[in-house]
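Numbers given in our numbering equal positions in the sequence shown, counted from 1, plus 69. Beta carbons are placed, not taken as given, at the ideal position from N, Cα and C, and that holds for glycine. For clarity, every value in this text was computed on a predicted model and none was experimentally measured.
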Amino acid sequence: MNRFWPASLQSLTPYVPGEQAISSNTIKLNTNEHALVASERALAVLKGVSADQLRRYPDPVSRQLRETIAERESLSTDHVLVGNGSDEILGFVWQAYLSSPSSVPAIPGLTYTFYPVWAQLFGGDLAHIPLQADFSLDLTSMSEWEGPLVFPNPNAPTGLAIDRGQVEAIITANPDRLVVIDEAYIGFGAQSAAPLIEEYDNLIVTRSLSKSHALAGLRVGYALGHPELIEGLRRIKDSFNSYPLDAVAQRVANEALTDQEWESQSQAFIARNRDSLSSDLKALCFTVLPSQANFVFASHSKASGVSLTQALKDDGILVRSWDSDALRAWVRITVGTSEQQQRLIESLTRILS
Ligand SMILES: *Cc1c(COP(=O)(O)O)cnc(C)c1O
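What follows is the structure, encoded as structure tokens:
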């Protein structure tokens, strides 16, 4: 607090990201970073960045990167906006389309905890549509909601996904309200809504290279949508920062998105380790939701998520839990390497015995 802080700043409750590693031996399974390192080809581009590329301003419209993304999705570059991580993109979406007092957006009762922060920052209201008892989205109530909808698919922190037909039913239930689908965890098995972009003008899909491409440190995200919706986001972007994506990030992201071989290997790796993590946890009597993301959401009848998180931390392993009534029982564990997961399971076996 400071005497120069206006009331709006005093009342702000910023988002708190997951904790960073305490030491290099720490096993970090708390922020859903990818277990593998990024594409070799992308890393080679990183090493080849020249002084002259850094001397100049980057391309403000990221043309090459947008062309690569458009080609991957069979869309045009006018359907694509890139930004400094999908959090920035979602911030633009909130400011542009979700802060009108006459049309209150709704999010799932349990979901990404950054959404309420943007709602507060941009001064809009926000409604919550409770999940069903099995943690799945309440698709009926979502379809009936009259304002815009925002939800991740797969949802966080549950890892549960809905299929493209279910997404399409929500979009078509009311063509006059915007549907924003946060696909931060696409690429690990769930179906994307991107093929619906050309057909529906009330849909925005946001993506991130942080999880699917092992590039959380590069900060690259993008939005896909009808060219006029994208143009609206660009107006916000260019009124705030013309160059949100630096010259290095544009080049490295572009290369990463064309390395199909890395992507296939990554997907197979995550699916395999997610299966073994889930079955090892079940063998320790955990309840584990069927995840389509690079993390699992699990609970145990003998220990709360918060107490397990503390006991694991004492053992040098970071996982994520929440101190709220709805979530106290649960832990979210990022899919790791086989060695990391083995250490985790050994530690949990000791803690629970
Ligand atoms: C990680 C995450 C993001 C943000 O991703 P960045 O591209 O790293 O900003 C957005 N939404 C959800 C649900 C996430 O888990």
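Does the beta-carbon of residue i, which I'm using as the reference point, lie nearer than 8 Å to any heavy atom of ligand 1?
i, result
"Leu200", "no"
Where does residue i sit, in a helix, a strand or coil, going by DSSP?
i, result
"Leu150", "strand"
"Gly193", "coil"
"Val130", "coil"
"Pro170", "coil"
"Ile198", "strand"
"Thr378", "helix"
"Ser422", "coil"
"Arg397", "coil"
"Gly256", "coil"
"Arg124", "helix"
"Pro83", "coil"
"Arg343", "helix"
"Gln89", "coil"
"Thr209", "helix"
"Pro296", "helix"
"Ala107", "coil"
"Ser311", "coil"
"Arg246", "coil"
"Glu215", "coil"
"Gly286", "coil"
"Trp331", "helix"
"Ser77", "helix"
"Phe338", "helix"
"Asn323", "helix"
What residues match up with residue i in a beta bridge as DSSP calls it?
i, result
"Val365", "Ile402"
"Asp251", "Pro221, Thr275"
"Leu387", "Lys97"
"Thr356", "Ser368"
"Ile176", "His197"
"Tyr291", "Val151, Arg276"
By Cβ distance below 7 Å, which residues in the same chain neighbour residue i in space, the five residues on each side in sequence not counted?
i, result
"Asp207", "Ile198, Pro199, Leu200, Gln201"
"Glu88", "Asn99, Leu387"
"Glu157", "Gly290, Pro313"
"Phe191", "Trp163, Gln164, Ser168"
"Gln430", "Residue 430 falls outside the range modelled here, since the chain spans only 70 to 422, and no answer is possible."
Looking only at its own chain, which residues have a Cβ that is under 8 Å from the Cβ of residue i, when we skip the five neighbours before and after it?
i, result
"Ile239", "Leu208, Met211, Ser212, Leu218, Val248"
"Ala96", "Here the sequence assigns Ile to residue 96, which means Ala is not the residue at that position. Closer than 8 Å at the Cβ level, and outside the excluded window around Ile96, lie Gly385, Ile386, Leu387, Gly405, Gln409, Arg412, Leu413."
"Pro86", "Thr100"
Suppose the cutoff is 6 Å on Cβ atoms and the five residues either side in sequence are ignored; what does the same chain contact list for residue i look like?
i, result
"Gly405", "Leu98, Ala104"
"His295", "Asp270"
"Val186", "Tyr84"
"Thr194", "According to the sequence displayed, residue 194 carries Asp and not Thr. Cβ within range, chain order: Val173."
"Val260", "Checking the displayed sequence, the identity of residue 260 turns out to be Gln instead of Val. For Gln260, where only same-chain residues beyond five positions count, the Cβ hits under 6 Å are Asp232, Arg233."
"Ser281", "Gly256"
"His369", "Phe355"
Looking at the C-beta of residue i, does it have a partner C-beta in chain C at a distance below 9 Å?
i, result
"Ser131", "Here there is only one protein chain, and chain C is not present."
Shorter than 8 Å, the distance from the beta carbon of residue i to the closest heavy atom of ligand 2, or not?
i, result
"Glu267", "Within the structure as shown, ligand 2 is missing, the only ligands being ligand 1."
Inset, instruction - May I have all residues whose beta carbon comes closer than 5 Å to any heavy atom of ligand 1, sorted in chain order? - result: Gly154, Ser155, Asp156, Tyr181, Pro221, Ala225, Asp251, Ala253, Ser277, Ser279, Gly290
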